[in-house]
Amino acid sequence: MILFKLAYKSLLNRRASVLLTLLTIAISVMLLLSIERVRVDAKSSFSNTISGTDLIVGARTGDIQLLLSSVFRIGHTNNGVSWQSYQYITKQRGVKWSIPISLGDSHKGQAVLGTTLDYFKHYRFAKKQPLAFEQGLAFASINEVVIGSEVAKKLAYKIGDEIVISHGMGNTSFHHHDDNPFKVVGILKPTGTPVDKTLHVPLAAIELIHGGADNAHDDHHDHSNHALVGHPQQITAFLMGFDSPLYTLQVRRNINQYKKEPLLAIMPTVTLKELWEMLAIVEKILLLFSFVVVIISLLGMLTTLLANLNQRRRELAILRSVGARPWQLFSLISMESLLTTFLGCLVGCILFYALMGTTAGYLQSQAGVSINISVLSDYELTLIGVIMAAGFVIGLIPATRAYFYSLSDGMSIKI
Amino acid sequence: MINLENVSFKWQKNAAIPTLVIKQLIINNGEHVFLHGPSGSGKSTLLALLAGINITTSGQLCVLNQDLNALTNAQRDAFRADHIGIIFQNFNLLPYLTPLENVCLGCQFSKKRQQHVFSQANDLVSEAARLLNALGLESHLHNQNVATLSIGQQQRVAAARAFIGSPELIIADEPTSALDTQNRESFIKLLFEQAKKNNSTLVFVSHDETLKPLFSRTIDLVNLQGDV
Chain F
336 MILFKLAYKS LLNRRASVLL TLLTIAISVM LLLSIERVRV DAKSSFSNTI SGTDLIVGAR
396 TGDIQLLLSS VFRIGHTNNG VSWQSYQYIT KQRGVKWSIP ISLGDSHKGQ AVLGTTLDYF
456 KHYRFAKKQP LAFEQGLAFA SINEVVIGSE VAKKLAYKIG DEIVISHGMG NTSFHHHDDN
516 PFKVVGILKP TGTPVDKTLH VPLAAIELIH GGADNAHDDH HDHSNHALVG HPQQITAFLM
576 GFDSPLYTLQ VRRNINQYKK EPLLAIMPTV TLKELWEMLA IVEKILLLFS FVVVIISLLG
636 MLTTLLANLN QRRRELAILR SVGARPWQLF SLISMESLLT TFLGCLVGCI LFYALMGTTA
696 GYLQSQAGVS INISVLSDYE LTLIGVIMAA GFVIGLIPAT RAYFYSLSDG MSIKI
Chain U
218 MINLENVSFK WQKNAAIPTL VIKQLIINNG EHVFLHGPSG SGKSTLLALL AGINITTSGQ
278 LCVLNQDLNA LTNAQRDAFR ADHIGIIFQN FNLLPYLTPL ENVCLGCQFS KKRQQHVFSQ
338 ANDLVSEAAR LLNALGLESH LHNQNVATLS IGQQQRVAAA RAFIGSPELI IADEPTSALD
398 TQNRESFIKL LFEQAKKNNS TLVFVSHDET LKPLFSRTID LVNLQGDV
């Protein structure tokens with residue numbers, strides 16, 4: 336008890352240098368926790384992008400390429416799936432639902448996705464959460480559009496606004512369809528997935544933009560009365576849900592061996608995992624950096640402790656003269672380092688939550704990573720435990736020196 | 218109380234000439250002894266031996282009828298905490314504790330001295346305050362920062378720390394060298410008063426021979442070693 340009090344008072348007496356040491360530890364703990372949390376949450380956001388979908392089917396290409404283009408809107412496939420094949424496959428036994436998607440158009444750099452109403456009914460993200468509307472409802476007419484929350488925010492669109500969709504990707508498209516404006520009828524709730532950055536139009540409208548460009552366009556007739564009828568010759572891909580996993584595997588095999596058209600069926604969960612493994616190296620480097628920061632901060636503490644120790648030899652000699660044993664001085668010094676590390680970790684956690692609290696919104700909108708501001712996970716607690724243990728072990732070095740000083744100095748300092 | 222016989226001490230094991238050689242030295246219970254000698258005559262060495270920080274290279278050294286050579290390091294540490302109070306030259310207080318806390322520190326590493334305090338007072342702090350008052354440090358200074366006290370006041374705190382828990386032996390290592398003559402004498406008188414009250418033996422070490430007349434017994438370390 337007296338040792339604890341002495342350690343506390345002594346630390347308080349040297350508060351400037353102790354505070355600096357504490358701060359370096361706190362910042363390194365904050366950094367480690369933040370990187371760790373972002374890493375874990377990025378991973379879960381990543382795998383949360385799509386859920387409940389058993390198969391994604393597209394033209395034959397690489398697994399990851401199909402996943403990237405159909406789910407993440409990154410890159411695009413050159414070929415599509417013919418409407419006949421889509422019809423044929425989705426009529427197989429065990430198919431619970433299917434969502435055709437058609438990509439390749441854009442609006443001010445945001446992806447445009449042509450689909451059916453099934454999209455709003457069956458598409459799931461995160462933990463099988465369905466899409467929900469912030470405002471308005473799904474499209475009911477061919478010239479209506481449902482936009483993601485990010486699109487609405489970024490381009491300041493609201494219900495009733497009329498927008499123009501261009502052919503091809505990117506801002507500088509050759510072909511603007513000025514004569515076919517779309518009306519915003521629905522805004523989706525934020526999902527933290529690429530859905531937020533997507534404009535959803537009826538599949539039939541895509542037919543008008545692309546495939547039917549020759550005929551539909553030249554007619555210059557008003558589309559406003561069109562109901563959601565018609566379909567394109569080709570779609571980019573389609574998502575499927577099955578009644579049972581057994582069907583999934585069976586249909587997948589059939590699709591991959593489908594004779595009429597070269598198609599590829601992937602299981603998104605498996606491919607997501609493969610993709611994440613490719614990114615694992617970045618993740619590991621980040622983690623390595625944060626560990627190095629922790630080590631540097633602990634070495635900083637060691638330096639400060641050792642530098643202080645020389646000035647404190649008199650203090651140790653005084654304690655010795657009033658009867659403190661060498662081992663008590665040893666515990667005094669190691670207790671101080673433990674206390675510093677503990678407080679450093681505590682402040683680090685506070686800083687971590689402050690940082691996460693302030694940047695969660697930004698990460699969500701910019702990187703699509705939804706940060707989970709919850710209590711520390713077991714793994715994070717283990718990390719903190721490891722830092723505390725390392726701080727304690729490092730504190731043993733000056734403590735050992737204090738032990739031997741106190742033996743050789745006795746009651747008066749002889750240098 | 219203290220009994221040295223044929224004691225010699227070398228700092229290094231294979232040093233040719235021992236730092237200290239004392240054929241015989243006996244200090245009786247309750248004596249106030251003035252131990253003096255020029256610098257380098259072995260005063261500090263003798264104190265380190267009496268306090269059990271170092272042990273004799275040869276010969277026998279008994280304090281309170283306890284042969285210090287027969288104790289282990291840990292036992293000697295405990296012995297020192299229980300039976301010996303030490304007053305240093307100066308700056309001997311922990312700067313981050315108040316005067317009261319510094320005084321209490323004197324018996325916080327010894328159960329025996331704490332028990333002694335509790336047999337006379339209710340708690341450590343009131344006993345520490347009583348000692349400080351007795352040594353002439355006013356109450357309003359008791360909780361002040363130690364660094365703001367004058368050297369003379371700091372010496373009083375150091376003395377109170379040595380006396381708390383009534384240790385049998387008080388060792389004062391040049392405690393007055395930073396004080397002027399007048400303060401020196403009044404401080405020594407206060408020391409005597411407390412030592413008498415607690416029935417403590419006082420070994421006062423200094424190179425300042427002008428203090429000699431104040432003590433009942435004087436030991437010249439040079440002569441003592443010359444006896445060999």
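Chains F and U, in that order, give the protein sequences.
So the first sequence is residues 336 to 750, counted in this note's numbering.
So the second sequence is residues 218 to 445, counted in this note's numbering.
Even glycine gets a Cβ: it sits at the ideal position worked out from N, Cα and C.
Owing to the predicted nature of the structure, the values given are computational and were not obtained by experimental measurement.
- DSSP, read as helix, strand or coil, puts Ser433/U in coil.
- Restricted to the segment 341-400 of chain U, the beta strand (DSSP E) segments that are unbroken, complete and at least 3 residues in length are 386-390, listed in chain order.
- Residue environment for Val710/F: exposed (fewer than 16 other C-beta atoms within 10 angstroms of its C-beta).
- Secondary structure at Asp531/F: helix, using DSSP grouped into helix, strand and coil.
- Counted as a single uninterrupted DSSP element, the stretch harbouring Pro235/U is not any beta strand (DSSP E), since DSSP gives it neither H nor E.
- Counting other Cβ atoms within 10 Å of its Cβ, Gln568/F stays below 16 and is therefore classed as exposed.
- Rounded to whole angstroms, Leu221/U and Leu267/U show a C-alpha spacing of 9 Å.
- Your pair Leu386/U and Val224/U does not check out as a contact, with CB atoms roughly 17 Å apart and the cut at 8 Å.
- Using a Cβ distance threshold of 9 Å, Phe517/F and Glu485/F do not count as a contacting pair.
- Taking C-beta separations shorter than 7 Å and ignoring five residues to either side along the sequence, the partners of Leu441/U in its chain run Ile239 and Leu242, following chain order.
- Contact annotation for Arg378/U against chain F: Val657 [CB-CB distance below 8 Å, chain order].
- For the pair of segments examined, the segment 583-598 of chain F was found to touch the segment 402-420 of chain F: the number of CB pairs separated by less than 8 Å reaches three.
- Interface annotation, Ala232/U: not in contact with chain F, CB-CB separation never under 9 Å.
- By the beta-carbon neighbour count (other beta carbons within 10 angstroms, threshold 16), Val422/U is buried.
- Cβ-Cβ distances below 7 Å link Asn360/U to Thr315 and Leu317 in the same chain, with the five nearest sequence neighbours on each side left out; the list follows chain order.
- Less than 9 Å divides the Cβ of Glu344/U from the Cβ of Ile381/U.
- Short of 6 Å from the beta carbon of Met218/U, and not among the five residues preceding or following it, lie these beta carbons of its own chain, in chain order: Ile244, Asn245, Asn246 and Thr418.
- The beta-carbon separation of Phe573/F and Asp389/F, rounded to 12 Å, does not stay under the 8 Å limit for a contact.
- When secondary structure is reduced to three states using DSSP, Asp453/F falls in the helix class.
- One thing to note: Leu641/F has its Cβ no nearer than 9 Å to the Cβ of Phe727/F.
- The C-beta of Ile239/U comes no closer than 9 Å to any C-beta of chain F.
- One finds Pro312 and Tyr313 in chain U with Cβ atoms closer than 8 Å to the Cβ of Asn348/F, taken in chain order.
- Leu322/U belongs to the set of residues whose beta carbon lies under 9 Å from a beta carbon in chain F.
- If you check the CB distance, Pro392/U and Gln283/U do not come in under 9 Å.
- For Ser352/F and Ala412/U, the gap between their C-alpha atoms comes out near 42 Å.
- Taking a C-beta distance under 9 Å as the contact criterion, Asn416/U and Ser383/U qualify as a contact pair.
- Of all residues in the segment 290-303 of chain U, the ones placed with a Cβ closer than 7 Å to any Cβ belonging to chain F are Ala291, Asp294, Arg297, Ala298 and Ile303, in chain order.
- Annotated three-state conformation of Thr418/U is strand, per DSSP.
- Spatial neighbours of Asn591/F in its own chain (CB-CB distance under 8 Å, excluding positions within 5 residues in sequence) are listed in chain order as Leu598, Leu599 and Ala600.
- Straight-line measurement puts the Cα of Ile405/U at about 9 Å from the Cα of Leu428/U.
- Judged by their CB atoms, Phe226/U and Thr289/U are not nearer to each other than the 9 Å cut-off.
- At least one CB of chain U lies nearer than 9 Å to the CB of Glu650/F.
- Under the three-state reduction of DSSP, Phe326/U is assigned to coil, being neither helix nor strand.
- Under the Cβ criterion of 9 Å, Ser705/F is not counted among the residues facing chain U.
- By the C-beta density criterion, Pro603/F is buried, having at least 16 other C-beta atoms within 10 angstroms.
- With respect to the 9 Å criterion, Leu472/F and Val520/F are classified as neighbours on the basis of their beta carbons.
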